[in-house]
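There are 2 protein chains.
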Amino acid sequence: MGRINMKAHLDCVPCFQRQALRAVRMVTDDSGKQESILREVMAALLDMDWRSSPPDLAHAVYRIIRQSSGEADPYSELKKQYNDLAMEIYSGMKEKVNASPDPLMTAVKLAVAGNVVDFGVHSKFDLKGTIVDIMNKDFRINGFESFKSQLEISEYIVYLGDNTGEIVFDKMLLEYILENFNINRVTFAVKGAPIINDATHEDAVYVGLDKLPGIDFINIDIGEPGTGYDRSSPEFRAVLEGADMVIAKGQGNFESLSEYEWIYFLLMVKCPIVAEHLNVDVGDYVLKGGLEGGKTG
Amino acid sequence: MGRINMKAHLDCVPCFQRQALRAVRMVTDDSGKQESILREVMAALLDMDWRSSPPDLAHAVYRIIRQSSGEADPYSELKKQYNDLAMEIYSGMKEKVNASPDPLMTAVKLAVAGNVVDFGVHSKFDLKGTIVDIMNKDFRINGFESFKSQLEISEYIVYLGDNTGEIVFDKMLLEYILENFNINRVTFAVKGAPIINDATHEDAVYVGLDKLPGIDFINIDIGEPGTGYDRSSPEFRAVLEGADMVIAKGQGNFESLSEYEWIYFLLMVKCPIVAEHLNVDVGDYVLKGGLEGGKTG
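Chains as they are written, first to last, in this note's numbering: chain A, 1 to 297; chain B, 1 to 297.
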């Protein structure tokens, strides 16, 4: 098992500044305020160790935006919009899964298509276009057979969610899994407070994920005390180790946990650094994971 | 006449850091060195007034790269490659101009296609593909008729060059102009020392631009004392005012001199900030300029 998780690349440093600008523009039209927050972000990045993981740098950047803008949740309105959009197309997607010759594959692909909703990377997405795209493509890294085999021998899943909107497709995948496999418990990880457009427990409740049988929730911290478990903490690692199977959505979870090669990482590749790390291209869809023999391999 | 030239946008700040990374990677593979130079660039940007023009910020950034890397000309090899590539296709392009129903338009379009060669923005270009593209497109801002009329009443042109490679197409355009209009003097502005892949006097000589009848050269500074005239200096402005017609290539000249609406700006639009300023899209080709009645209008 690899022991090195993904470190920030030098390219992440200007990229986080672009992200900061995008977020701060959601909060204020005052260009003087925008400039002063960007300067604060740069000064903070200069003080940091760039060998941290990209999510650790992100935590610091978004903390400054929250504190200096006074707005804890710059993307709140957009988050709701994407939850609503995903819920609108939920029934149609559910029919698509049921009508599919390989319903599990279709449900997994939809869950990965949902990963396109990410305000850290872009400010607009084409969720419906992404669904069409992924249905016509194979996973660039395709651990589907292992994923399916592991589901067949698992009873307890830890599922690390990523974004709002996307969480509706996570719910659909979990519904399919709960109906068709012998899973009796799911621990779903959400962020313990708002950061970018990541899903929180409030979003999980909003989309009805809390109604699934046997589901419980765990909070991942956003770099602030009291917001949950750091993904690198022993407590959180124990949660992962306690599951029969871990499914982790999105780049952030991959960047934080890539050393756990038995985790099933489901993501859309959105940046050149993650693409290089995985030896794939930006825009590729990935279902990575599944050592021979499962997580103990 | 407008009096405000283009100020740097907040988005320019992370963009210059991306550029710095690209340049420093040309110079060293040592990631520790790359990081320390990026940190120096960030610290310098934090100290600067961001209401400067983008080229002024660029000067500061590339000065740090030169000084800290000890390499005055990180792009020297690539500059030669693009000069050579452009010279290889020069004869074919010349035939294309002569065979064209509108040879001046074709020569102008080729000169703008040459503007694609810009290591500040990308690390790879498709020069030949750009030539095909521009031949099938109209200028998004099209001051061609005014440009042609002004040529007809001019004797002295000041021509502000931009990049290596591109300078071969500038030469071709000037050859056509010198053969078909009553121009008896051309002052061609090059950079006074290497910066990014901008053309210097050495490049002008390398591609034979110095052989044109009635041509002389003037150096534009790269933010270092003794390298030439600052584009905002009274001396340089006097040079512009003394010409019957000024042709300026590329974004840098536009960003520095956009207040002179009678200058003919020929450029490919390469960044969203310039695109927004001109109300066009990235990738568009622009021939802007020509107030009613020429430069005194």
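Cβ coordinates follow ideal geometry from the N, Cα and C atoms, glycine included. Predicted model, so just to flag it, every value in this text is computed and none were measured.
>> What would DSSP say about A:ILE196, mapped onto helix, strand or coil?
In response: Working through the first sequence from its first residue, we reach residue 196 of chain A at position 196. Three-state DSSP puts A:ILE196 in coil, outside helix and strand.
> With respect to the alpha helix (DSSP H) encompassing A:ALA275, which residues constitute its N-terminal and C-terminal limits?
Replying inline: The count along the first sequence starts at 1 and reaches residue 275 of chain A at position 275. Residues 272 to 278.
>> For a cutoff of 9 angstroms on Cβ pairs, would you count B:SER31 as touching chain A?
In response: In the second sequence, the residue the question calls residue 31 of chain B occupies position 31. So yes, B:SER31 belongs to the interface.
>> If you follow the alpha helix (DSSP H) that A:THR106 is in, where does it begin and where does it stop?
In response: Translated into positions along the first sequence, residue 106 of chain A becomes position 106. It spans 103 to 113 - the alpha helix (DSSP H) in which A:THR106 sits, taken as one unbroken run.
>> So that I know if they touch, is there some Cβ in chain A lying closer than 9 angstroms to that of B:PRO298?
In response: The question about residue 298 of chain B has no answer here: the residues shown for chain B are numbered 1 through 297.
> Hey, would you say A:VAL158 sits closer than 9 angstroms to A:VAL116, going by beta carbons?
Replying inline: Start at 1 with the first residue of the first sequence, and residue 158 of chain A comes out as number 158. Start at 1 with the first residue of the first sequence, and residue 116 of chain A comes out as number 116. Contact: no.
>> Under DSSP, the alpha helix (DSSP H) around B:LYS148 begins and ends at which residues?
In response: Along the second sequence, one-based indexing puts residue 148 of chain B at 148. Unbroken alpha helix (DSSP H) run through B:LYS148: 144 to 152.
> For A:VAL207, which three-state DSSP category applies?
Replying inline: For the purposes of this step, residue 207 of chain A is identified with residue 207 of the first sequence, where counting begins at 1. Here A:VAL207 sits in coil by DSSP.
>> On the DSSP bridge list, what partners appear for B:THR187?
In response: Residue numbering aside, residue 187 of chain B sits at position 187 when the second sequence is read from its first letter. Beta-bridge partners of B:THR187 (DSSP): B:VAL158 and B:ASP216.
> Using a Cβ cut-off of 9 angstroms, which residues of the segment 37 to 55 of chain B contact any Cβ in chain A, in chain order?
Replying inline: LEU38, ARG39, MET42, ALA43, LEU45, LEU46 and TRP50
>> Measuring only the C-alpha atoms, how far is A:SER31 from B:GLU35?
In response: Stepping through the first sequence from its first residue, residue 31 of chain A is reached at position 31. Stepping through the second sequence from its first residue, residue 35 of chain B is reached at position 35. When rounded, the distance between both Cα atoms is 29 angstroms.
>> Using 8 angstroms for Cβ pairs, my map puts B:THR28 next to B:SER69. What's the rounded Cβ distance?
In response: The count along the second sequence starts at 1 and reaches residue 28 of chain B at position 28. The count along the second sequence starts at 1 and reaches residue 69 of chain B at position 69. A Cβ-Cβ separation of about 6 angstroms places B:THR28 in contact with B:SER69 under the 8 angstroms criterion.
> My guess is that A:ILE222 and A:HIS59 are in contact by the Cβ rule of under 8 angstroms, so how many angstroms apart are they, rounded?
Replying inline: If you number the first sequence from 1, residue 222 of chain A lands on position 222. If you number the first sequence from 1, residue 59 of chain A lands on position 59. The pair is a contact, with the Cβ atoms about 6 angstroms apart (cut-off 8 angstroms).
> Which residue comes first and which comes last in the alpha helix (DSSP H) that contains B:ALA311?
Replying inline: Any question about residue 311 of chain B goes unanswered here, given that chain B covers just 1 to 297.
> When DSSP builds the beta bridges, which residues end up paired with A:LYS288?
Replying inline: Taking the first residue of the first sequence as position 1, residue 288 of chain A is located at position 288. Note: A:LYS288 sits in a beta bridge opposite A:PHE265.
> For B:TYR62 versus B:ILE195, is the C-beta spacing smaller than 9 angstroms?
Replying inline: Here residue 62 of chain B corresponds to residue number 62 of the second sequence, with the count starting at 1. Here residue 195 of chain B corresponds to residue number 195 of the second sequence, with the count starting at 1. Closer than 9 angstroms, so yes.
> Which class does B:LYS137 belong to by DSSP, given the choice of helix, strand or coil?
Replying inline: Here residue 137 of chain B refers to the residue found at position 137 when the second sequence is read from its first residue. Reduced to three states, the DSSP call for B:LYS137 is coil.
> With B:ILE183 and B:GLU155 assumed to form a contact (beta carbons below 8 angstroms), what rounded beta-carbon distance in angstroms separates them?
Replying inline: Position 183 of the second sequence, counted from the start, is the residue given in the question as residue 183 of chain B. Position 155 of the second sequence, counted from the start, is the residue given in the question as residue 155 of chain B. Going by Cβ atoms, the distance from B:ILE183 to B:GLU155 rounds to 6 angstroms, so yes, they are a contact pair.
>> Does chain B have any CB closer than 9 angstroms to the CB of A:ASP11?
In response: Taking the first sequence and counting its residues from 1, the one referred to as residue 11 of chain A is at position 11. At a cut-off of 9 angstroms between beta-carbon atoms, A:ASP11 makes contact with chain B.
>> So, at 6 angstroms on beta carbons, what are the nonlocal neighbours of A:ASP19 in its own chain, with the 5 sequence-adjacent residues on each side left out?
In response: Against the first sequence, residue 19 of chain A aligns to sequence position 19. Looking at the sequence shown, residue 19 of chain A is not Asp but Gln. So the qualifying residues of the chain are GLY120.
> Taking all protein chains shown into account, do 16 or more other C-beta atoms lie within 10 angstroms of the C-beta of B:PHE16, making it buried, or fewer, making it exposed?
Replying inline: Within the second sequence, residue 16 of chain B is the residue found at index 16, counting from 1. By the neighbour-count rule (16 or more Cβ atoms within 10 Å), B:PHE16 is buried.
> For the candidate residues B:ARG140, B:SER146, B:ASN98 and B:GLU235, whose alpha-carbon lies nearest to that of B:VAL269?
Replying inline: For this step, residue 269 of chain B is matched to residue 269 along the second sequence. Of the candidates B:ARG140, B:SER146, B:ASN98 and B:GLU235, the one whose C-alpha sits nearest the C-alpha of B:VAL269 is B:ARG140.
> A:LEU110 and A:MET87 look like a contact to me (Cβ under 8 angstroms); what is the Cβ gap, rounded to whole Å?
Replying inline: On the first sequence, position 110 is the one that residue 110 of chain A refers to. On the first sequence, position 87 is the one that residue 87 of chain A refers to. In fact, because the Cβ distance is near 13 angstroms, the residues do not count as touching under 8 angstroms.
> In chain B, what lies closer than 8 angstroms to A:ARG18 by C-beta?
Replying inline: Position 18 of the first sequence, counted from the start, is the residue given in the question as residue 18 of chain A. Neighbours of A:ARG18 on chain B, chain order: ASP11 and PRO14.
> Can you tell me where the alpha helix (DSSP H) with B:LYS171 in it begins and where it stops?
Replying inline: In the second sequence, residue 171 of chain B corresponds to position 171, counting from 1. Residues 166 to 180.
> Rounded to whole angstroms, how far is the Cβ of A:PRO14 from the Cβ of A:GLU255, which I believe are closer than 8 angstroms?
Replying inline: Translated into the one-based positions of the first sequence, residue 14 of chain A becomes position 14. Translated into the one-based positions of the first sequence, residue 255 of chain A becomes position 255. Rounded, the Cβ-Cβ distance is 17 angstroms, inconsistent with contact.
>> So that I know if they touch, is there some Cβ in chain B lying closer than 9 angstroms to that of A:GLU35?
In response: Counting from one through the first sequence, the residue named residue 35 of chain A turns up at place 35. Against chain B, the CB of A:GLU35 has a partner CB under 9 angstroms away; the residue lies at that interface.
> Which whole-angstrom value describes the C-beta separation of A:TYR264 and A:GLY143, a residue pair presumed to lie in contact below a C-beta threshold of 8 angstroms?
Replying inline: As a working mapping, residue 264 of chain A is identified with position 264 in the first sequence. As a working mapping, residue 143 of chain A is identified with position 143 in the first sequence. A:TYR264 to A:GLY143, Cβ: 7 angstroms. Contact.
>> On the criterion of 16 or more Cβ atoms from any shown chain inside 10 Å, does B:GLN150 qualify as buried, or is it exposed?
In response: Residue numbering aside, residue 150 of chain B sits at position 150 when the second sequence is read from its first letter. B:GLN150 is buried by the Cβ-count criterion.
>> Check whether chain A comes within 9 angstroms of B:LEU57, counting only Cβ atoms and requiring the distance to be less than that.
In response: Taking the first residue of the second sequence as position 1, residue 57 of chain B is located at position 57. No, no contact with chain A.
>> If I follow the unbroken beta strand (DSSP E) through B:MET245, where does it start and stop?
In response: As a working mapping, residue 245 of chain B is identified with position 245 in the second sequence. 245 to 249 is the extent of the beta strand (DSSP E) around B:MET245.
>> On the DSSP letters alone, give me the boundaries of the alpha helix (DSSP H) that B:LYS33 sits inside.
In response: Within the second sequence, numbered from 1, the residue matching residue 33 of chain B stands at position 33. For B:LYS33, the uninterrupted alpha helix (DSSP H) segment begins and ends at 31 to 47.
> Any beta-carbon of chain A closer than 9 angstroms to the one on B:LEU78?
Replying inline: Within the second sequence, the letter at position 78 stands for residue 78 of chain B. Not an interface residue.
>> Would B:LEU21 pass as an interface residue toward chain A - the criterion being a Cβ-Cβ separation below 9 angstroms?
In response: In the second sequence, counting from the first residue as 1, residue 21 of chain B sits at position 21. True, the Cβ-Cβ gap to chain A drops below 9 angstroms.
> Any C-beta of chain B sitting closer than 9 angstroms to the C-beta of A:VAL282?
Replying inline: Taking the first sequence and counting its residues from 1, the one referred to as residue 282 of chain A is at position 282. Chain B, which has no Cβ nearer than 9 angstroms to the Cβ of A:VAL282, makes this no.
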